[in-house]
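Trainee: Count the sequence shown with this note's numbering and you get residues 319 to 560, in order.
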Amino acid sequence: MIQLTLPAGKIPAMRRRTVLLGAVTLLAGCSSANPAPRSTANPTTLLAAARANLNATPGAHIDMIGADIPKDISTVLTARGNGAPTPAWQGRIKLQTKGVEVFIPIVAIKDDVWATLPWNDHMTKIDPAHYKSPNPAMYFDKDKGLSSLLAVVREPAIGDSQRSGDAILQTVTGTVPAGEIRRVLGVGASSGSYDLTFGIDDASRLITLRIQGPLFKDTTCRYDVTFSKYGQQVDIQPPQIG
Numbered sequence: 319m320i321q322l323t324l325p326a327g328k329i330p331a332m333r334r335r336t337v338l339l340g341a342v343t344l345l346a347g348c349s350s351a352n353p354a355p356r357s358t359a360n361p362t363t364l365l366a367a368a369r370a371n372l373n374a375t376p377g378a379h380i381d382m383i384g385a386d387i388p389k390d391i392s393t394v395l396t397a398r399g400n401g402a403p404t405p406a407w408q409g410r411i412k413l414q415t416k417g418v419e420v421f422i423p424i425v426a427i428k429d430d431v432w433a434t435l436p437w438n439d440h441m442t443k444i445d446p447a448h449y450k451s452p453n454p455a456m457y458f459d460k461d462k463g464l465s466s467l468l469a470v471v472r473e474p475a476i477g478d479s480q481r482s483g484d485a486i487l488q489t490v491t492g493t494v495p496a497g498e499i500r501r502v503l504g505v506g507a508s509s510g511s512y513d514l515t516f517g518i519d520d521a522s523r524l525i526t527l528r529i530q531g532p533l534f535k536d537t538t539c540r541y542d543v544t545f546s547k548y549g550q551q552v553d554i555q556p557p558q559i560g
């Protein structure tokens, strides 16, 4: 902090206001909401640490939201729930099918997926591929899930620092082969690449992930994924079948 000590009695009022205004401007410039990027950080090291922390957590919460997705596409629009490294997942997805949006509660443990479909009042075992949806348990698979994308980033680069709630995240940008996105999310082309932006906090945890590009019919759209509640204990059991 810079302190200015001036004999107030000998400075005209207009000049005192000018001095105060300059001090406020200086302090404001030092407290920017968008701090400078960590120019000395190694993007590959940041991605590796974030992947290790995501794979090591006993549980986490995930919010995935799609944007700019064509209305005539059958796909997952949102997915919100808790995951564990079993891999397992329990939550709710919003599915778009034939122009209609429906919310579906889901429990997924390894290769088994149960859902309460709109015409049922109880859970039944389903094949998610039939509804053009990935198995959400695979989001948390250590080798084939979302964390695996951090290991296949091409030309990673340090981006801007961004605020997410009370946290300041260091972003890392890069591209990932389209086939990897298709394997994890079940959308996108089989060739080419997509732009990804990772937001990593000071504890080297992946907090945000943006996947962007022509995922459907050459239409540029995106999925924004937010990870929270790192370290929570998640106990996901097979549901009672009605």
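From the three backbone atoms N, C-alpha and C, an ideal C-beta is built for every residue, glycine too. Since the structure is predicted, the reported quantities are computational estimates derived from the model, not experimental observations.
Taking the continuous beta strand (DSSP E) assigned at residue 396, which residues delimit it?
Mentor: 393-402 is the extent of the beta strand (DSSP E) around residue 396.
Trainee: Whole angstroms is fine: what's the gap from residue 468's alpha carbon to residue 519's?
Mentor: Roughly 15 Å separates the two Cα atoms.
Trainee: Output needed for residue 375: all residues of its chain with C-beta closer than 7 Å, excluding positions within five of it in sequence on either side, in chain order.
Mentor: Closer than 7 Å at the Cβ level, and outside the excluded window around residue 375, lie 548, 549.
Trainee: Just mark residue 510 as buried or exposed, buried being the case when its beta carbon has 16 or more other beta carbons within 10 Å.
Mentor: Its Cβ having fewer than 16 others within 10 Å, residue 510 is exposed.
Trainee: Using the Cα positions of residue 415 and residue 391, report the straight-line distance between them to the nearest angstrom.
Mentor: The straight-line gap from Cα to Cα measures roughly 7 Å.
Trainee: Residue 435 and residue 427: beta carbons closer than 9 Å?
Mentor: It is not a contact, given that the beta carbons lie outside the stated cut-off.
Trainee: With a CB to CB cut of under 6 Å and the five nearest residues on each side skipped, what residues in its chain are close to residue 450?
Mentor: So the list reads 392, 393, once near-sequence residues are dropped.
Trainee: Leaving out the 5 sequence neighbours to the left and right, which residues in its chain are closer than 7 Å to residue 422 when beta-carbon positions are compared?
Mentor: Cβ within range, chain order: 410, 411, 413, 433, 434, 435.
Trainee: Would you check if the distance between the CB atom of residue 406 and the CB atom of residue 554 is smaller than 9 Å?
Mentor: Closer than 9 Å, so yes.
Trainee: Which term fits residue 505, buried or exposed, when burial requires 16 or more other beta carbons within 10 angstroms of its beta carbon?
Mentor: Classification of residue 505: buried, given that the 10 Å Cβ count is 16 or more.
Trainee: If distances are taken between C-alpha atoms only, which option among 377, 418, 529 comes closest to residue 459?
Mentor: That would be 377, whose Cα lies nearest to the Cα of residue 459.
Trainee: State the beta-bridge partners of residue 507 as determined by DSSP.
Mentor: Note: residue 507 sits in no beta bridge, so no partner.
Trainee: What are the boundary residues of the alpha helix (DSSP H) that includes residue 481?
Mentor: Looking at the DSSP string, residue 481 is not in any alpha helix (DSSP H); the run it does join, the beta strand (DSSP E), is 472-482.
Trainee: Less than 8 Å between C-beta atoms, sequence neighbours within five positions excluded: which residues of the same chain meet that for residue 508?
Mentor: Taken in chain order, the residues that qualify are 496, 497, 500.
Trainee: Under the rule that 16 or more other beta-carbon atoms within 10 Å means buried, what is residue 523, buried or exposed?
Mentor: Burial call: buried.
Trainee: Can you say whether residue 474 is buried or exposed, counting buried as having 16 or more other CB atoms within 10 angstroms of its CB?
Mentor: Classification of residue 474: buried, given that the 10 Å Cβ count is 16 or more.
Trainee: Find out if the Cβ-Cβ distance for the pair residue 417, residue 539 is shorter than 9 Å.
Mentor: For residue 417 and residue 539, no; Cβs fall outside 9 Å.
Trainee: Where DSSP assigns a beta bridge to residue 418, which residues make up the other side?
Mentor: Paired residues: 415.
Trainee: Looking at residue 527: is its Cβ nearer than 9 Å to the Cβ of residue 491?
Mentor: No, they are not a contact pair.
Trainee: Among the residues of its own chain, which have a CB less than 6 Å from the CB of residue 533, if the five just before and after it don't count?
Mentor: Closer than 6 Å at the Cβ level, and outside the excluded window around residue 533, lie 505, 506, 539.
Trainee: Does residue 558 pass the burial test, meaning 16 or more other C-beta atoms within 10 Å, or should it be called exposed?
Mentor: Residue 558 is exposed by the Cβ-count criterion.
Trainee: I need the DSSP call for residue 439, collapsed to helix, strand or coil.
Mentor: DSSP places residue 439 in coil when its eight states are reduced to three.
Trainee: How many Å lie between residue 400 and residue 420 at the Cα?
Mentor: The straight-line gap from Cα to Cα measures roughly 20 Å.
Trainee: Rounded to whole angstroms, what's the CA-CA distance from residue 545 to residue 472? Just pull it up for me.
Mentor: So the two alpha carbons sit approximately 22 Å from each other.
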